[in-house]
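Below is one structure, written out as C-alpha cells; comments come after it.
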Amino acid sequence: MQKILNAQTTFQWLFRAHFLKALSAYHFPHCRKKIKGPLRVQIQTINGCNADCLMCPYGKSSGKGSMQVMEDELYTKILKELERSGSTLNLTFMLQNEPFLDRDLAFRVQKARELLGPRTSIAIVTNGSMLTVKRIDEIIRAGVDFIDISIDAYTEETYKKIRPGLDFQAVTHNARLLLQRRNNAHISVRFLRLPQNRSEEDSFKRFWKALGADVRFCLTTNRAGSVENFDQIRLTESNNFRKKLTILLRGFIPPCHDPFHSLNVLWDGRVILCCHDWSPRDVIGNLQENSLSQIWSSHNFNHYRNLLMNWRWKESQVCHDCSVVTDLQENQRNNTIPCFM
Ligand code: SF4
5 MQKILNAQTT FQWLFRAHFL KALSAYHFPH CRKKIKGPLR VQIQTINGCN
55 ADCLMCPYGK SSGKGSMQVM EDELYTKILK ELERSGSTLN LTFMLQNEPF
105 LDRDLAFRVQ KARELLGPRT SIAIVTNGSM LTVKRIDEII RAGVDFIDIS
155 IDAYTEETYK KIRPGLDFQA VTHNARLLLQ RRNNAHISVR FLRLPQNRSE
205 EDSFKRFWKA LGADVRFCLT TNRAGSVENF DQIRLTESNN FRKKLTILLR
255 GFIPPCHDPF HSLNVLWDGR VILCCHDWSP RDVIGNLQEN SLSQIWSSHN
305 FNHYRNLLMN WRWKESQVCH DCSVVTDLQE NQRNNTIPCF M
C-alpha cells in the first residue's frame, strides 16, 4: 500500500485528474477559463547534450556544437507567467538536452521553487554523467522534487551499445551517490525497453529497487519520425489496455493528449508543439514576443489540438510520421495493439 501511495504515484494520479479537467475544458468551452495555462512544462535552459544515444536524434537532426543558454531575463519572464497562470503542476528541466550542462541549473531550480511555490513539483531528467557531490547537494538544497536518471542497462556491455560516449561505472556511481544524498527528493532510474536490453530488465529492477530507487520502464517512439534506425530499437506489445481504450473512445479522446496539457519551451523562447519535434517543424509561438496565455490559447495551438481531436494528425507536419499515432492507425487496420510510450 505504501508503495502505491508514494509521492510519484500520487503526483501521477493528480496529474491525470487535471488532464481530464483540461480535456473537459476543450469539449465544453464554458470550462476553459478555469484552465489558464499548461499543467506541465518542459523547459530547455541549454540546448546541448554530452551523449549520443542509440534511440536519440540528437546530433542527427539538431545542431551539435552550437550550445546556447537561456537568458535569465527570459527565464524569469516564463516563471512569472507560469506563476500568474497558477495552472502548472509540474516543471521539468529537460527538453532534447542534458540539463546538467547548464551551470546555473541549481540557481534556476531555486528560482522556480521560490516563484511557483510547493504546488508545482520540480523535476529533472538526466543521463547522470555530470552529477558530483557538489552539484547533487546544490540541486537538493535548491528544492528539486524528482530526479530521474536514464540508465537503460544492467551491464556495462549493454550500456555501451545503447549510450555510447558515456561511462557506465561513473553514471551508476553517481546514481548511488544521489540516492545517498537525496534528502526528501524522489529518485528514479529509467529503463527504456529496447531489443538490446530485453534480457536485463529483471536484474536492473532488482538491483536498483534494493538501493531504494524507483524504477521506471518506458517504450521508445520514433520521435515524430526523427529516429532513423527505429526498426532496430522498437519493441511491440500485443496487449495494451490504454491503446484499446483510446481506439474505443475515438471522437471523445485524442490519440495523443500531449498538446492538451503540456508546453515545451526551447532555450530561445520558442514553444514547440511537442517534445518530439527535433528540427523543430511546428513552432507555436515565441515567449520572447508573446505571453504564455496568448500562446496557450492561440489559434495556432488549438488548430493542432483540433487535428488530434478529429484524428486528422496527418495534416500536422510533426504528428504526420509520429509512431505514437501511426501505430494506432495501423492497429485499427490490423486489429492488433502495437507499442505506445
Ligand atoms: S502525435 Fe504529435 S503531439 Fe503527439 S507525441 Fe506525436 S508528434 Fe507529439
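Sequential numbering of the sequence shown, starting at 5, is according to our numbering.
All residues carry an ideal CB built from backbone N, CA and C; glycine is no exception.
Mark Asn101 as exposed unless 16 or more other C-beta atoms lie within 10 angstroms of its C-beta, in which case mark it buried. Counting the other CB atoms within 10 Å of its CB gives Asn101 a total of 16 or more, which places it among the buried residues.
Applying the criterion that 16 or more other CB atoms from any shown protein chain within 10 Å of the CB defines a buried residue, is Phe221 buried or exposed? Within a 10 Å sphere around the beta-carbon of Phe221 sit fewer than 16 other beta-carbons, which makes this residue exposed.
Reference Asp76; option with closest CA among Arg112, Gln46, Ile237 and Arg210: Asp76 has its Cα closest to that of Arg112, out of Arg112, Gln46, Ile237 and Arg210.
Does the beta-carbon of Trp282, which I'm using as the reference point, lie nearer than 7 angstroms to any heavy atom of the ligand SF4? With a cutoff of 7 angstroms, Trp282 does not count as near the ligand SF4, since its C-beta is closer than that to no heavy atom of the ligand.
For a test of your reading of the model: does the CB of Leu277 fall under 7 angstroms from any non-hydrogen atom of the ligand SF4? Yes or no. Yes; taking the cut-off as 7 angstroms, the Cβ of Leu277 has a heavy atom of the ligand SF4 nearer than that.
Compare the Cα-Cα distances from Leu253 to each of Leu239, Leu135 and Trp315 and report the closest residue. If we check each option's Cα against that of Leu253, Trp315 comes out closest.
Have a look at Pro258 and Gly41 and give me their C-alpha separation to the nearest angstrom. Spanning the two alpha carbons is a distance of roughly 19 angstroms.
Excluding the 5 residues flanking Asp286 on each side, which residues of the same chain have their C-beta closer than 6 angstroms to its C-beta? Short of 6 angstroms from the beta carbon of Asp286, and not among the five residues preceding or following it, lie these beta carbons of its own chain, in chain order: Leu277, Gln321 and Val322.
Which residues in the same chain have their Cβ closer than 8 angstroms to the Cβ of Met71, if we skip the five residues on either side of it in sequence? Answer for Met71: Ile50, Asn51, Gly52 and Leu105, listed in chain order.
Taking the beta strand (DSSP E) that Asp262 belongs to, which residues open and close that run? Premise fails: Asp262 lies in the alpha helix (DSSP H), Asp262 to His265, not in any beta strand (DSSP E).
Cβ contact check for the segment 137 to 148 and the segment 76 to 90: 3 or more pairs under 8 angstroms: Here the segment 137 to 148 does not lie against the segment 76 to 90, with fewer than 3 beta-carbon pairs under 8 angstroms apart.
Below 6 angstroms CB to CB, which residues in the same chain sit around Met134 once its five sequence neighbours on both sides are set aside? So the list reads Phe104, once near-sequence residues are dropped.
Once the 5 residues before and after Pro263 are set aside, which same chain residues still bring their CB inside 8 angstroms of it? Apart from sequence neighbours up to five positions away, the residues of its chain that approach Pro263 with a beta-carbon distance below 8 angstroms are Leu277, Cys278, Phe305, Tyr308, Arg309 and Leu312, ordered along the chain.
Start and end of the beta strand (DSSP E) containing Phe221? Residues Asp218 to Leu223.
Which whole runs of the beta strand (DSSP E) in the segment 85 to 148 are 3 residues long or more, in chain order? Counting only runs of 3 or more, we get 94 to 97 and 125 to 130.
Measuring from the CB of Asp331, is there a heavy atom of the ligand PLP at a distance below 7 angstroms? As far as ligands go, the structure on display features the ligand SF4 and does not contain the ligand PLP.
Would you decide whether Asp235 is buried or exposed? Buried here means 16 or more other CB atoms lie within 10 Å of its CB. Asp235 is classed as exposed because its beta carbon has fewer than 16 other beta carbons within 10 Å across all chains shown.
Throw me the rounded Cβ distance for the Ser154 and Arg197 pair, which I believe falls under 8 angstroms. No, Ser154 and Arg197 are not in contact; Cβ-Cβ is about 12 angstroms, not under 8 angstroms.
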